[in-house]
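A.B. asks: For the record, in the sequence shown the residue sitting at position 276 is 426 according to this note's numbering, with numbers rising by one throughout. Ideal Cβ placement from N, Cα and C applies to all residues, glycine included.
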Amino acid sequence: MNNQCDLRFFFLGRFAPNYRYRTMTTEERSAPPVATARAPLTEEQRTRAEVNRLKAIAIREALREQADSSRAVTAPALSNANSSSSPTPGGKRSFTAMASNRKGGEGREDIAIKPARKFQKFVEYEFAKMKDTKGGFISAEDDPHSMLSAVDLQDKPAHMSLEDWAKHQLKMKLMKEKSGPYEPGLSVLAMGEKAQIRCYECNTVEIDWKWYETFKCRVCAGCKDKIPEKYSLLTKTECRNDYFLTDPELKDEELLPRIHKPNPHRSTWNNMMLYLRYQVEEFALKKWGSMENLDREFERRNGVRKKRKDDKFRAKLKSLKNKTRVESWKRSADNEKHEHVWGTAVTNASGESVRTCEECGFEIEELVF
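#1: Leaving aside the five residues before and after cysteine 367 along the sequence, list all residues of the same chain whose C-beta is less than 7 Å from its C-beta, in chain order.
#2: In or out: tyrosine 381 buried (at least 16 other Cβ within 10 Å) or exposed?
#3: Could you spell out the range, first to last residue, of the alpha helix (DSSP H) harbouring leucine 312?
#4: Would you tell me roughly how many angstroms separate the C-alpha atoms of leucine 395 and leucine 444, rounded to the nearest one?
#5: Compute the beta-carbon to beta-carbon distance between lysine 411 and leucine 400, rounded to the nearest angstrom, for a pair I have assumed lies under 8 Å.
#6: Go to valine 430, then tell me how far its alpha helix (DSSP H) extends in each direction, as first and last residue.
#7: Using the Cα positions of valine 454 and leucine 424, report the straight-line distance between them to the nearest angstrom.
#8: Using a threshold of 9 Å, state whether the C-beta atoms of glutamate 502 and glutamate 489 are closer than that.
#9: Which term fits aspartate 302, buried or exposed, when burial requires 16 or more other beta carbons within 10 angstroms of its beta carbon?
#10: Tell me the rounded alpha-carbon separation between lysine 456 and lysine 471.
#11: Taking the straight line between their C-alpha atoms, what separation do you get for alanine 208 and glutamate 194?
#12: Pop quiz: phenylalanine 365 and leucine 405 are said to be a contact at Cβ under 8 Å. What is the actual Cβ separation, rounded to whole angstroms?
#13: Given tryptophan 492, which residues of its chain have a CB within under 7 Å of its CB, disregarding the five upstream and five downstream residues?
#14: Roughly how many angstroms separate the alpha carbons of glutamate 215 and glutamate 200, rounded to a whole number?
#15: Roughly how many angstroms separate the alpha carbons of glutamine 429 and asparagine 421, rounded to a whole number?
#16: Identify, in the order they occur along the chain, each residue of the same chain with its Cβ nearer than 7 Å to the Cβ of aspartate 461, setting aside the five sequence neighbours on each side.
#17: Please classify cysteine 370 as buried or exposed, where buried requires at least 16 neighbouring CB atoms within 10 angstroms.
#18: On the three-state DSSP scale, how would you describe serine 503?
#19: Does DSSP put tryptophan 419 in a helix, in a strand, or in coil?
#20: Taking the alpha carbon of glutamate 327 as the reference point, which residue from Trp359, Phe512 and Arg196 has its own alpha carbon closest?
#21: Measuring CB to CB, does tryptophan 438 end up less than 9 Å from glutamate 449?
#22: For methionine 496, which three-state DSSP category applies?
#23: Report all residues from its chain with a CB closer than 6 Å to the CB of proline 407; omit the five preceding and five following residues, and keep chain order.
#24: By alpha-carbon positions, which one of Arg475, Thr283 and Thr192 ends up nearest to cysteine 510?
#25: Can you check DSSP and say which residues form a bridge with lysine 411?
#26: Who does isoleucine 514 pair with in a DSSP beta bridge?
#27: Report buried or exposed for arginine 221, applying the criterion of at least 16 other Cβ atoms within 10 angstroms of its Cβ.
#28: Whose C-alpha, out of Lys264, Tyr275, Glu431 and Leu517, is nearest the C-alpha of glutamate 388?
#29: Measure the alpha-carbon distance for serine 500 versus methionine 441 and round it to whole angstroms.
#30: Can you tell me whether tyrosine 393 is buried or exposed? The criterion is at least 16 other CB atoms within 10 Å of its CB, across all chains shown.
#31: Just how far apart, CA to CA, sit isoleucine 409 and arginine 390?
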């Protein structure tokens, strides 16, 4: 501070030589300033000050009454505590009083709280419909090689567990197909010698019971493979094309029993209908009389099919020739007016009289009265 004062007086003396100055002593710098005498207030100033003081008191009382009324409306249960903790003039209010005096949420209960913009796009999961994935590992129900994966849970009783229901379903399937421990061929020893059902070819008791129930054919699995010309299966198309059987005959299960299998070409197509070969041949012999008649019918139908194909080819060839003749005549150099030279009238297969131009091949139909 002293250095600043010395520099100030130095510049004043340097640039203002006519200015007289002196350096302040230490006692003069440390001494407090002497208060100057103030002029007494006038009557008008005293009146204005009193009016301002009364206005300030009135404003403070109004604010205090407003705070008390808001606390009574928002928190009536805390009215006693608020009144006891109301601040004194010039004091500080408590936290309870300040919290109850907030009015930011009044009248906005019907307005829903909106999330922030970056949190508006979200996925809502319904946990009641979610499935436990066992931490990503394949469970017994999801394993395709497990017995439980092929269980039909539609008719499962409520008291039966999933494993017991799967065993029950497997048991019913084996009983329906008569396979495994329920195969009748394994228990025929308990029957009499005359009551036993044996194979047509090898006379064994282990026959294919599924074929026996469907086709009434007593044959074992080995004989089916050894004699395919008798025990092979024919499709519906083969029966219709090779033995000339009709659809009503093939649909009658009393005449020709059949089994159904999934279509190997495409799973969405209808199931195949398979017939036993020797049964189809027996029914065809009854229908046509003999194999010679069946062969003659086969040749007749082939001839009709070939004739129809040849007639279609000739009609297309004739149409092509007519178009070629007309186009060649149009491209001729002289392009003179053509006069048709009609030939002799010929009666076609439909009984109509047709004349043909000998030069351009144009045909017309004539009505003879």
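C.D. replies: Taking the geometry as given:
#1: Trp361 and Leu426
#2: buried
#3: 312-327
#4: 11 Å
#5: Their Cβ separation, rounded to whole angstroms, is 16 Å, which puts lysine 411 and leucine 400 out of contact at 8 Å.
#6: 427-438
#7: 29 Å
#8: no
#9: exposed
#10: 22 Å
#11: 22 Å
#12: So it is not a contact: roughly 12 Å between Cβ atoms.
#13: Arg505 and Cys507
#14: 23 Å
#15: 21 Å
#16: none
#17: buried
#18: strand
#19: coil
#20: Trp359
#21: no
#22: According to the sequence shown, residue 496 is valine rather than methionine. Strand at valine 496.
#23: Thr364 and Phe365
#24: Arg475
#25: Met422
#26: Arg505
#27: buried
#28: Glu431
#29: 36 Å
#30: buried
#31: 17 Å
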